[in-house]
Each structure stands twice: as structure tokens, then as C-alpha cells.
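Protein chains in written order, with our numbering: chain A, -13 to 247; chain B, -13 to 247; chain C, -13 to 247; chain D, -13 to 247.
Quick reminder that beta carbons are idealized off the backbone N, C-alpha and C, glycines included.
Encoded as C-alpha cells, the structure appears first; notes follow it.
There are 4 protein chains.
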Amino acid sequence: MTIRATVWGENIHEHVNEVVGKLYPEGMHETIAQSLRQDKNITARTAVLQDAEHGLTDSVLSQTDVLLWWGHKDHSAVAEDIVERVARRVWEGMGLIVLHSGHYSKIFKKLMGTPCSLHWREAGERERIWVTSPNHPIAAGLPPFFELENEEMYGEHFSVPEPLETVFISWFQGGEVFRSGLTYKRGAGSIFYFRPGHETYPTYHDVNVGKVLRNAVTWAYNPAAPLTSIHDAPNTPVEQSHEPIVERGGKLHKPGEAGYK
Amino acid sequence: MTIRATVWGENIHEHVNEVVGKLYPEGMHETIAQSLRQDKNITARTAVLQDAEHGLTDSVLSQTDVLLWWGHKDHSAVAEDIVERVARRVWEGMGLIVLHSGHYSKIFKKLMGTPCSLHWREAGERERIWVTSPNHPIAAGLPPFFELENEEMYGEHFSVPEPLETVFISWFQGGEVFRSGLTYKRGAGSIFYFRPGHETYPTYHDVNVGKVLRNAVTWAYNPAAPLTSIHDAPNTPVEQSHEPIVERGGKLHKPGEAGYK
Amino acid sequence: MTIRATVWGENIHEHVNEVVGKLYPEGMHETIAQSLRQDKNITARTAVLQDAEHGLTDSVLSQTDVLLWWGHKDHSAVAEDIVERVARRVWEGMGLIVLHSGHYSKIFKKLMGTPCSLHWREAGERERIWVTSPNHPIAAGLPPFFELENEEMYGEHFSVPEPLETVFISWFQGGEVFRSGLTYKRGAGSIFYFRPGHETYPTYHDVNVGKVLRNAVTWAYNPAAPLTSIHDAPNTPVEQSHEPIVERGGKLHKPGEAGYK
Amino acid sequence: MTIRATVWGENIHEHVNEVVGKLYPEGMHETIAQSLRQDKNITARTAVLQDAEHGLTDSVLSQTDVLLWWGHKDHSAVAEDIVERVARRVWEGMGLIVLHSGHYSKIFKKLMGTPCSLHWREAGERERIWVTSPNHPIAAGLPPFFELENEEMYGEHFSVPEPLETVFISWFQGGEVFRSGLTYKRGAGSIFYFRPGHETYPTYHDVNVGKVLRNAVTWAYNPAAPLTSIHDAPNTPVEQSHEPIVERGGKLHKPGEAGYK
């Protein structure tokens, strides 16, 4: 069994900011993909904003078990119909890992149903990431905490729904805290938000970050066939009801008529 | 203290379907509003699809503590910018009660981030609603279960996120079950989904249903000032950090620059 | 409507440790009770370990809407039957606020079903408590964060179940984080764990801490009659079933026999 | 990788009730174990109440990845220290599947922290089990619902904490509903409660029930090393703090002293 991951990158700052370009000469998405490939059970391809259909064609998505999403500078450039397409695949069971500034991506806000706001500071301060769910599959093999010497600060309040589980909480040198690892389920799809990953720091070269990403892909993978029925609201006619019943009362719908959407 | 409720009704079937018109001659929204007014701590106004801005102007919403939503036949007629406006007020702390076929309303799908699909059958069968959280404020004063002799069936799988709490589960005569009372929080706003309420049956004249609606309005009321800060992602500059830190590493943002959205 | 709070204190360190005695000359329980009384809707009595039945007689508990619990040095001195009695009242709907070192009290461990362990350091370091659920009733009137200049450190992993809601997260000067405000429900009773409150510091004289305690008491108050039925597993005989059914298959129980416990 | 399951059976009714004895001539535990062995990745042993230490020695538990628990007639016969031993292993990461009348077992009540009460009726009525989380690993390969023609009824209110996820809800012929599949986490251990399994019916010979049990064992399996640190509350001394701090304020504890428990 191999898990097919697709790493989506915005792919802008690598080309316009010298610091980012030096840290990630092949693009952040490629660095992340290489990190995933260290697990022989994962195959990883990449897709970027500039590709046709942002690289997220029906064909690519149908062959993607877990999608990773990194965007920051130009969330608004992502086409609405592609966002809808990705959301549908998540509901059907595709896993989704949203990274760092992806908290403001269209797809994350759509799936959360909240603003996904936070406080921030770009000062290269120390972040210490504490594991709050020690034996969670996403934390497998990690120490009780790990540090990133230089990171952007994200501070609470982070306006997302209460998660299923809080896996990580970050401590920041400047005095803030942040829920850095959160799990959700939307339809049949598992979602993980992971905070670190500011583009001006070497975060995606960090050993522990790599471990988290590989763990998260494995955790979010759903081997079941896509739950395409999730988009429908089928009528169960009286004559097919599980227990015998007799129709009563007033009616809106004619026999066989579809419901309103 | 008075809670200001606004009952939003689609207001179509009352005029085009004879059964519905007879059951709710003043409109379903008006019947629901009258039910709410039985609690002297609640004032209830109404708004309908056909009003300018669907009756949900900035002014009305700013004076609404809890919004109730009933729609069915024409969800798509609700303007996108009004949906966005309502969502923003929920995030700021306005309560929202979504009723029956409102499961497919734009506002509910937006706040849930899922398809909100289900199975259904319009056969006037018996529904028995069991309380699964007996001392929940929304279940106050209710017996362990209550019955609606004629209702539309909604069956699982109901594709919504795991709720904070499951307050009611329905048994249907034809053999299905459904999570009929679910609580959520999105931003500072509390949300309650309540299943019963098909327009061809006298559900909103039922004593227990009325009690649930009044309880739900009281539960969803948030006396705090609107949390308007929830829409922002403010920068906390280095010189204002809570603990003294020195800026390090590469940078994307110039001093004072806003973040990307 | 008045909420009847009982503040339970272990009442040991006030008498054997000079620092604690000076900070809380009337006992920590009395300082906490005085803080609660600043809300005119709350009446607060106290009870201590040394009282007969630890001050938690059936009579006292039946007149207690919300119980606050502070213990540290001698959790094992609390009698098992009193723990069971308190648990039963929580299941029936009494609110419970567990404070600081009460994480290791018998009653908290019993209600959580987990070890409730954590890391700690007594160094009088700075704690900054961030609100992670801004409009939660327990956070009403608080700023986005508040500080306690001297507190004991509690660090993750805190081995409690995933909460219903995370209301506060603490930042510590020495580098740790902690989920400092957590809500739970057990039976009909609401439970709030609140981290600060080490006895060698003036925490319970802090204005924001007082506000949290009063808010928490108000939040945990359940006006419903005690849900005494929660202790039973009643049989619903065939002849009283809601839908007509005919008895079939093999049987263990004779008619009218009670279930096994 | 093989998952080591231990099926614990009370092993009483098989010997004293003729109906049960005929359905499960080798004992219910053995039938369940045989069902598990249909998955070649699972090895299953059994243990019964009558064994020394109820068959749950330190050695057996240390070699058990997932424990399944069926008891009914004599929960009180299980020794307290064995219950504590099992709880500790769950907290360290052992999975636990609690079956049917095990809702009233000491171990389940201890881990839930609630009465775990419900309504019941032994009438051999039809149970229809609906999947409410379609792509959950525990529901893998199941149809949208399955039926058990003869089962004992369990009805709400089921006084357990809100679960992480509701996987199944049952419909009963006599008019009740029940949350039949619930997931929890306690410490590092995953817990699944599964309702069906009354001893006078052939439930554990059912194909779908067998599938659920095998799925649940696979889901509850935690490959990580036992989290034995979960029982401790270690002190992190000032001189080893992650950030440099200076000790301040009053103190209770002498250097190196253990915390109170």
C-alpha cells in the first residue's frame, strides 16, 4: 500500500524574495515533497498556483490520497471552482494538511466555517512546540517538545472551531501561545492544521517538522473508496421503507420528485 | 434583559401550497415568532426572503441577538453578500438556530464546511425525539422523549461535523434515526440545528417544539459585545512584544505592513 | 435567583507554612468565597477537610449548586464515600470548579477517568494566561490575556480527556505551555478546571482570577432539578413499549426482574 | 505487524443458562476471539473471570495491544486492583473495546467518570444499526445500516461523556434509539464502546458484528511504546528550565522534593 500525496505550493516568494529563494531553491513544495518521500510508503508529487487549474485537475485529485497546502501571498488567486473541487474531494475522504499561512487559504476557511484569524509577528523568535497528545499518530516518534530557533509568531485567539484533538501547542519567546496542531473531520476527510512553516526560515528542513508531516500524511490517509454519495440527499420512498408504513398527511413533493437544494 | 430574536422565513410554500397555507396562514415565521414571544424575556421580529436585502439589513442584524432560519424551496435565491453578512455576525457572537430543511441553506453549509446531506421521505410518519443530554439548557422542561405524529423523515448519514453536543436523536416509524439537535460554535457565535419542521405538518404549533425553540434562543444568546476583532489578523510589533525579544533572521514584511489575506 | 456556591479547602498549608498563612490568614477557601460574594447573585459558604464529613454532608451538597475544590498536600485524606457522594451530585447536575493542584484530587481523577498528570516547577515565574475562546461565558469581561507575576509552573502533557472547550492556555516564563481552562460535562454536571492558584503566591487576590471564578460559577450553575434518575437503569417492559412489539427469542430475565449492576 | 488482542469474558451465563450455552458452547469470549482471528493481522487469546487474577496478569496485559471486555451478571466480582491495572495499561496506550452490558463494568465506569446508565428491555426485538460516520475505520466495509433481528433494547439517555465521535446509532422496533458506537481517548489509549451483544441472541455470530469487532481492534491498536511516563508528575528544576529564569517568591517544596499526590 502506498499513500499518494500531492504537495501544493503557492510558489511566489521563492522567486521574488532572495531569502526564501536561497532556503528553498527548488520551491518549498519540492522540499516538503522530498521530506515526505523519506517514508517509503508515501509517494509525493507537487502542484503549484501557476499550473493550469493550479495543478489540481480532476485527474490529479482523483489520484491524490492526501493533499498538503502551503499558500500565503496570494490566496485570492486560487479559483473558486478549484476550491470547490478540493472541498468535494475532502468530503469524499481525501486527507488535507494545511500548513502555516494556509490558515487564511480559501479551502481552509471554507472547511472550517470561521474567519481563521490570529495575531502574528515576524521576528525570527524561538518557538517551542509541545506535544499535548503524546501517543497520537501525528506525534509518533517525537520528544515531549521540539524547538524551532527562528519562526514567525502566531498568537491566540485562533478563530477556528474546537478541534477533535489538540496535538501541539506552541510557546513563543515573545510571550504568546498558539494551538499548533489541530485535527478535524469534514465529511469523510481528515484534516490537520500544522502551524510552523514561515518561508523566510528553514523550517521545512527541520527533522522534527519532517516527521510531523510524514506522520500527518499517514494519519490522514483513508483507504476507503471515495464517499461520492455524500453529495446527494436521496429520497427513500414509502414503499421501500425499512419498516412498513402508510403514507399520511399533506404533501409537498410528487412521487419520485427530487428534493430542493 | 431582553433577547432580541429575528425569525427568518422563506415564505414561499405558505402562498403556493394549500396545505401549508392553511396550517400557517400568517406564515411559518410568524407562528415561530409567536411561539418565542411566550417567553417574556424574548422579543421576536420576522424577516422574509422577499424583503429588501431579505430583511437582513446591517441595522436589523446589529439589533439581533439570535437569528432563526427556515428555508426549503429556494435556498439559491438568498444573495451571497447577505449570507456573508449573517456569517460575520455569527462569528461576532450572534446566535443562530437552523430549522429543518435549513440544513441545506447557504448559511448553514458555509458555517459547517460540509455538504449537510441526509436521506429523506415525506410520508407523515411518526417521529419520536429522544433527549440525549437531559439537563442541557435546550432540553429544559422536556420529558425524556416527545412525539410528533406526522413528520417528514430525515435519516443518517447527516454529513455535518461532529457537534459539541448531541441534544436530541430522532426515531422514525419507517426505520431510520437522525441526530435531531446538535450544538456548534463558530467564532463567538453559538449554533443549534433542530430537525423537525416540515411545512405540511403542524410542527410549529406543537407545545414541546415551542419549548425547544425558546430554550434554544435563550441558550444561544451571548450578552457580550460583538467580537468585531475576530475579522482581523493584527501584527504585534517586536517593540511591543510581551517579553523582550530581538529581531532575527530573514524577513518578508516591512515594518508596519499588513499581513496577506 | 441566587447561586449557592460551596468553597472546599484543604486548609493545611495556611497553618503550617508561614508564607501561605500570611497570604491567606482566613484560609484560601475564605478568600475565594469572598471573591465569589462580589457577585450579588452568588452566595458562598465554605467547607474544609477537617470538618465532620469534610463539611460535605448530604444536607450541604443538596443545597450546593456549584462546588469549588482546592486541595494539594493531602488528597488521600479525603474519604472515599465523600468522593462518591460528590460525584453523584455532579452527575445529577451540581457544577464543579477544580482549582490548581486539585488536578490530583480524588474527585477530579474519578470524573476524568485519567491520571491527570503534568510537569511542574515552583519558581515564582511569570504566567501569561491567554483567552482561546473569547466570548465564552467564563472569559466574560477579560482582556485577551492577563498575567500573574509569580506562579508555579504546570507544563504539558496534562493527561486529561479532550475537553469540550479550551478556554485558556498559559505561557510560562521558563518555556512551558499548559491548557489552563478546560470545560467538561459528566452526567448533568458541568465541570471547569482552572490552573492558577499555588498557595505561596497571592493568586486568589488577583482581580482577573476573581472574575474567572465568578464567571465559572455562573456558567456551571444548572437551574434544573437534580437528575436523580441518572443512577438507575430502568426496565421498559414489553407491554409498555412505545411501539407495539411481540416478545421473541431466549431470555435471561424473569418479568419484573431488575438488571445486573 | 500483528495486533495482539485479548478477549475477556465473564463466562457465567454460558454455564447456567441453556439458551446461552447452546449459542456459545465454547463461551462468548471464544466466539469473539474466533471472529477476530478471521483477520490475519490479529492474534486473539482469551481470559475469563474465573482465571487467576481474572486472566489479566501483568504479563498478559503487557502482551496485549487491545483488550475486549464482555461482562454482565457479576461486574462486582472483578477485583479492584485488576481494574486499576487495566486502567493503567489503557492510559499507557492499550486499546479497549467495551461490549454491550460492559457499559456497567467497573473498568468502563472508571474510564468514563459517569454512571453509564441506560434504559433496557429484553424482548428479542429488531435493532437497525445506522452508520453515522461512513468512512470511519471502525465502519470500514459496512453498508449504510445493518440489522440484528433479535436483540435486547438499550435506550437513551445513555449517561456517558460526549464522545470524540459517534460512529453508530441504533433504531429499535419498540421505539427507542441508542448511541451504539462511541469513541473515546483516555491517556494514550483509544476506547470504543459497541452496544450489541446480548447473550441470549446469536449476535457474535453475525457477519457485520464480526467486521465491526475486527475493525475496532485495528483502529484501537497503538504501535507506540507504552507511555509509562503518564503516571508521573515530574519536577522540572529551575536550573534545567528551557528558558533562563531566576527563582522568586515563597516556596512549599524543598529542592528535589517530590510533589504531593
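Beta-carbon gap between residue i and residue j smaller than 8 Å
| i | j | result |
| --- | --- | --- |
| D:ALA30 | D:ARG23 | yes |
| A:SER227 | B:GLY161 | yes |
| D:LYS59 | D:HIS(-1) | yes |
| A:TYR207 | A:ILE(-11) | yes |
| A:PRO123 | A:TRP205 | yes |
| D:ASN121 | A:ALA210 | yes |
| B:THR186 | A:LYS247 | no |
| D:ASN(-3) | D:HIS15 | yes |
| D:HIS143 | B:THR118 | yes |
| B:LYS92 | B:HIS61 | yes |
| D:LEU42 | D:VAL6 | no |
| D:GLY79 | D:GLY196 | no |
| D:GLY88 | C:ASN136 | no |
| D:LEU35 | D:VAL64 | yes |
| D:VAL198 | D:ILE28 | no |
| D:ALA126 | D:ASN201 | yes |
| B:VAL163 | D:VAL146 | no |
Neighbourhood of residue i by C-beta distance below 8 Å, restricted to the same chain and skipping five residues each side
| i | result |
| --- | --- |
| B:TRP116 | PRO130, PHE131, PHE154, ILE155, SER156 and TRP157 |
| C:THR106 | Strictly speaking, residue 106 of chain C in this sequence is Trp, with Thr absent from that position. Counting only Cβ-Cβ distances below 8 Å, and skipping sequence neighbours, we find GLU138, MET139, TYR140 and GLY141. |
| B:ARG74 | HIS217 |
| C:HIS1 | GLY7 |
| D:TYR10 | GLU0, GLU16, THR17, GLU185 and TYR190 |
| A:GLY245 | ALA219, ASN221 and HIS239 |
| B:ASP44 | ARG71 |
Neighbourhood of residue i by C-beta, 6 Å cutoff - its chain only, sequence neighbours within 5 removed
| i | result |
| --- | --- |
| D:ILE177 | LEU82 and TYR170 |
Those residues which DSSP pairs with residue i across a bridge
| i | result |
| --- | --- |
| D:HIS105 | D:GLY141 |
| B:VAL34 | B:GLY(-5) |
| C:PHE154 | C:VAL117 and C:GLY167 |
| B:GLY81 | B:VAL52 |
| B:PHE131 | B:TRP116 |
| B:GLY111 | In the sequence on display, residue 111 of chain B carries Glu and not Gly. Partner(s): B:GLU137. |
| B:TYR179 | B:VAL84 and B:LEU168 |
| C:ASN280 | Residue 280 of chain C is absent from the model: chain C starts at -13 and stops at 247. |
| A:THR29 | A:ARG(-10) |
Own chain partners of residue i with C-beta closer than 7 Å, once the 5 adjacent residues on each side are dropped
| i | result |
| --- | --- |
| D:ASN194 | LEU128 and PHE132 |
| C:ARG172 | VAL76, TRP77 and LEU97 |
| B:ASP192 | LEU134 |
| D:GLN159 | GLU111 and ARG112 |
| D:TYR90 | HIS61 and CYS102 |
| C:PRO149 | LEU168, THR169 and TYR170 |
Proximal chain E residues relative to residue i, where beta-carbon distance stays under 9 Å
| i | result |
| --- | --- |
| A:LEU238 | Although the question refers to chain E, the structure presented lacks it and instead comprises the protein chains A, B, C and D. |
Kindly confirm or deny that the segment 146 to 157 of chain A and the segment 84 to 101 of chain D touch, where touching means at least three C-beta pairs closer than 8 Å.
no
Would you list, in chain order, the members of the segment 60 to 92 of chain B that have their beta-carbon closer than 7 Å to a beta-carbon of chain C?
From the segment 60 to 92 of chain B, only GLY79 have a Cβ closer than 7 Å to chain C.
Mind listing which residues of the segment 204 to 217 of chain A have their C-beta closer than 7 Å to chain D's C-betas, in chain order?
So the list reads ASN208, ALA210 and LEU213, given in the order they occur along the chain.
Going along the chain, which residues of the segment 102 to 117 of chain B sit with their C-beta nearer than 7 Å to a C-beta in chain A?
In summary, the residues of the segment 102 to 117 of chain B whose CB is separated from some CB of chain A by less than 7 Å are SER103, LEU104, HIS105, TRP106, ARG107, GLU108, ALA109, GLY110 and GLU111, in the order they occur in the chain.
What residues in the segment 130 to 153 of chain D bring their beta carbon closer than 9 Å to a beta carbon of chain A?
PRO130, PHE131, GLU133, LEU150 and GLU151
Within 8 Å, do at least three Cβ pairs link the segment 82 to 92 of chain B to the segment 176 to 191 of chain B?
yes
What residues in the segment 159 to 189 of chain D bring their beta carbon closer than 8 Å to a beta carbon of chain B?
GLY161, GLU162, VAL163 and ARG165
Check distances from the C-beta atoms of the segment -9 to 25 of chain C to those of chain D and list, in chain order, the residues that come in under 9 Å.
HIS(-1), ASN3, GLU4, VAL5, VAL6, LYS8 and LEU9
Near-chain C residues of the segment 219 to 231 of chain D - C-beta to any C-beta below 8 Å
ALA219, PRO220, ASN221, THR222, PRO223, VAL224, SER227, HIS228, GLU229 and ILE231
Decide if the segment 38 to 56 of chain D is in contact with the segment -10 to -3 of chain D; the criterion is three or more beta carbon pairs, one per stretch, under 8 Å apart.
yes
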